[in-house]
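These notes concern the structure reproduced below.
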Amino acid sequence: MKKHVLVLAMAAVMVAACGKKEEPAPAPAPAPVATAPAPAPAPAGPVLDDEKVLNVYNWPDYITESMLADFEKEYGVKVNYDTFENNEALHAKLVAGNSGYDIVIPTAGFAKKQIDGGLYQPIDKSRLTNYGNLDPDFMKKIAGVDPDNKYLVPWAWGFTTVGINKQKVEKALGGMAMPENAWDLVFKPEYANKLKSCGIAYLDSPSEILPVALHYVGKPAYSENPEDFKVALDMLKKVRGSVRLFSSTMIDDIASGKACAFIGWSGDINIAAGRVKETGGKDEIVPLLPTGGGLVFIDTMAIPKDAKHVNNAHVFIDFYLRAANAAAMANEMNYPTGNKAALADIKDEVKGNKTIFLGPEDTARLIPTGGFSNDISSVLNDTYNAFKRGK
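Residues 1 to 391, numbered by the UniProt record's numbering, are exactly what the sequence shown covers, in order.
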C-alpha cells in the first residue's frame, strides 16, 4: 500500500511538472539614451508693476536729456515727470499725503525730518544690482542723516556757494578788492551795498540760506538753538536792501543778467555759465570757492510711503545707478557723483574743473551736510520770512 501511494505521488509530481509552462527570461533593460543637458533657466528680469507708469518729482534742470526716454524705451514704463522749486515745496506735498509720486529727490539734510516723520519707505537694496557701484565712503556721509542708508540713494551732489558775473562785479566794486572770503560779497554791507547796482540774488529756500548765514556768523550751520537764528537774522537784515530777488529759477536769472552776485548751487552756476557762452555772451560767470567754505548738499532718491508703483521705482533707481547714467549727470549737468564706477566715463575737462570736483584743500573747507529737526522748523521758517519781509 505504501509503495502504491508512493508511486501515485511521484506520478502526480511528474504530471504537474509536465503541465507547467516555461516562462521566458526577462529581456535586458535598454541602454540609456544620451540627451542634451537642460538649458539653464534664463535670469529673472526686473519685477515691474502691472501698471507701467512711474511718477517722478525732481528739481528743475536736474536730469540728463535722454535719461527718461532711454528708461521708457528699455522697460516700456511711461514716466510722468514734475518739478519743485525747493525742499519746502516737496515737504509740503509729502506731508499732505497722497502725493501721487513714486520717486522724489530730496536733499539728504532736509530728508532727515521726512525720515523721522515716516514719510518714506525703505529701499530694498537686494533689488538693486548696481548698488555696489556706489562709493562706500560717500555713503557714510549720507548715513549721518539716514542711518544704515535705509531710505536714501544718491542722485548727485554739489555745494551751495557764491557765484558772480565777473565783469559786472568788478565794475560795481570799482577799485575795491575782492574779499578773501567770498561770502562777504553777499553778507557784508560794505560789499553788498556796492553790488546793489547790478543785483544780488539769493536762493529762495530757508534750508539753503540759513545754514550758510549761521555758519558765517560763527554758529553751527544746522543749529537747534533759537538764539543762534536771531544772530543770523541780525546779520541778514543789514544786507536785505541790497538783495534784488529771491530766485527759484537761478540758472535763467543768472544767464539773463538779473543779478551779478548770487547764492546758488555750484552746478547751476556752471550751467548758467555755459548758456551765456552758447548765446555768444562775453560775461564770465564763475562759481567761487569761499575760504569760509561752501555748504555741501547731497540730493537723493527716495520712495514715498504712499507710492503706488514701488516695483517700477526700484527698477528706475537701479537704472540710474548704472555707471554710464551717473557719469552723464556730471558730463551734462556739472554735478559730481557718488558713483565710483562712473568716474571712468566722466570727461577729463569735467574731472579737471575744480568747481565741480574739488581739490583736497577746498573739500576740507566744505560745511558738512546735515539737517534741521522738526522741532526747529518753525524757527527756521519764521527767521527766513522775517528776513524776506525786511523786519
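Cβ coordinates follow ideal geometry from the N, Cα and C atoms, glycine included.
8 Å Cβ shell around residue i - same chain, five flanking residues per side excluded
{"i": "Trp-183", "result": "Val-162, Val-212, Tyr-216, Pro-290 and Gly-292"}
{"i": "Glu-224", "result": "Phe-372, Ser-373, Asp-375 and Ile-376"}
{"i": "Lys-52", "result": "Tyr-75, Gly-76, Val-77, Lys-78 and Asn-312"}
Presumed contact (8 Å Cβ cut-off) between residue i and residue j, rounded CB distance
{"i": "Phe-316", "j": "Leu-152", "result": "So it is not a contact: roughly 15 Å between Cβ atoms."}
{"i": "Thr-369", "j": "Val-296", "result": "5 Å"}
{"i": "Leu-203", "j": "Gly-132", "result": "Contact flag wrong, Cβ pair sits at about 34 Å."}
{"i": "Ile-105", "j": "Trp-157", "result": "About 12 Å; that fails the 8 Å criterion."}
{"i": "Asn-331", "j": "Lys-347", "result": "5 Å"}
{"i": "His-314", "j": "Asp-124", "result": "6 Å"}
{"i": "Leu-380", "j": "Leu-210", "result": "6 Å"}
{"i": "Trp-155", "j": "Thr-300", "result": "6 Å"}
{"i": "Lys-168", "j": "Asp-283", "result": "7 Å"}
Proximity winner among the options, relative to residue i (alpha-carbon distances)
{"i": "Ile-356", "options": "Gly-370, Ala-108, Phe-372 and Gly-338", "result": "Gly-338"}
{"i": "Pro-46", "options": "Tyr-62, Asn-58 and Glu-74", "result": "Glu-74"}
{"i": "Ser-247", "options": "Pro-220, Glu-208, Pro-226 and Lys-113", "result": "Glu-208"}
{"i": "Val-239", "options": "Lys-141, Glu-190 and Asp-137", "result": "Glu-190"}
{"i": "Ser-266", "options": "Glu-85, Tyr-335 and Glu-88", "result": "Tyr-335"}
{"i": "Phe-159", "options": "Lys-168, Gly-175, Gly-109 and Pro-226", "result": "Gly-109"}
{"i": "Ile-115", "options": "Ala-92, Glu-278 and Val-145", "result": "Val-145"}
{"i": "residue 392", "options": "Pro-220, Gly-352 and Phe-387", "result": "One cannot answer for residue 392 here, as it falls past the ends of the chain, which runs 1 to 391."}
{"i": "Lys-112", "options": "Gly-257, Tyr-222 and Pro-226", "result": "Tyr-222"}
{"i": "Asn-98", "options": "Thr-107, Thr-279, His-309 and Glu-170", "result": "His-309"}
{"i": "Ala-364", "options": "Ser-378, Lys-351, Gly-218 and Gly-294", "result": "Gly-294"}
Same chain, Cβ closer than 7 Å to residue i, neighbours up to 5 away in sequence not counted
{"i": "Ala-272", "result": "Ile-251, Ile-254, Ala-255 and Ile-285"}
{"i": "Val-79", "result": "Leu-54, Val-56, Leu-68, Phe-71 and Glu-72"}
{"i": "Lys-141", "result": "Ile-298 and Thr-369"}
{"i": "Ala-172", "result": "Lys-194, Leu-195, Ser-197, Cys-198 and Cys-260"}
Cβ-based neighbour list, residue i, same chain, cut-off 6 Å, excluding 5 preceding and 5 following
{"i": "Asn-181", "result": "Pro-290, Thr-291 and Gly-292"}
{"i": "Lys-150", "result": "Pro-122"}
{"i": "Gly-390", "result": "Arg-240"}
{"i": "Leu-245", "result": "Ala-201"}
{"i": "Ser-205", "result": "Asn-86"}
{"i": "Thr-107", "result": "Asn-87, Phe-297 and Asp-299"}
Interface flag, residue i vs chain C, CB-CB below 8 Å
{"i": "Ser-242", "result": "The chain labelled as chain C is not found in the depicted structure, where only one protein chain is given."}
Residue i Cβ short of 7 Å to the ligand MG heavy atom set
{"i": "Gly-175", "result": "For the structure depicted, the ligand MG is absent and the ligand set is empty, with no information on it obtainable."}
Enumerated in chain order, which unbroken segments of the alpha helix (DSSP H) with a length of 4 residues or greater are wholly contained in the stretch 285-369?
With a minimum length of 4 residues, the unbroken runs of alpha helix (DSSP H) contained wholly in the stretch 285-369 fall at 310-320, 323-333, 348-351 and 360-365.
In the stretch 41-88, which residue ranges form an unbroken alpha helix (DSSP H) of at least 4 residues, counting only runs that do not cross its ends?
The qualifying runs are 67-75.
Does the stretch 168-187 come close enough to the stretch 55-71 that 3 or more CB-CB pairs lie under 8 Å?
At 8 Å Cβ cutoff, the stretches do not touch.
Quick one: which unbroken alpha helix (DSSP H) runs of 4-plus residues sit fully inside the stretch 193-241? Chain order, please.
Here the runs fully enclosed are 206-216 and 226-237.
The stretch 337-351 in contact with the stretch 317-328 per 3-pair CB rule at 8 Å
The stretch 337-351 makes contact with the stretch 317-328, as at least three CB pairs between them are under 8 Å.
Assess, as a yes-or-no matter, whether the stretch 115-122 is touched by the stretch 299-306 under the definition of 3 or more beta carbon pairs within less than 8 Å.
The answer is yes - the stretch 115-122 touches the stretch 299-306, with three or more Cβ pairs under 8 Å.
Within the stretch 83-118, ranges of the alpha helix (DSSP H) (whole runs, at least 4 residues)
Within the stretch 83-118, the complete alpha helix (DSSP H) runs of at least 4 residues are 87-96 and 108-116.
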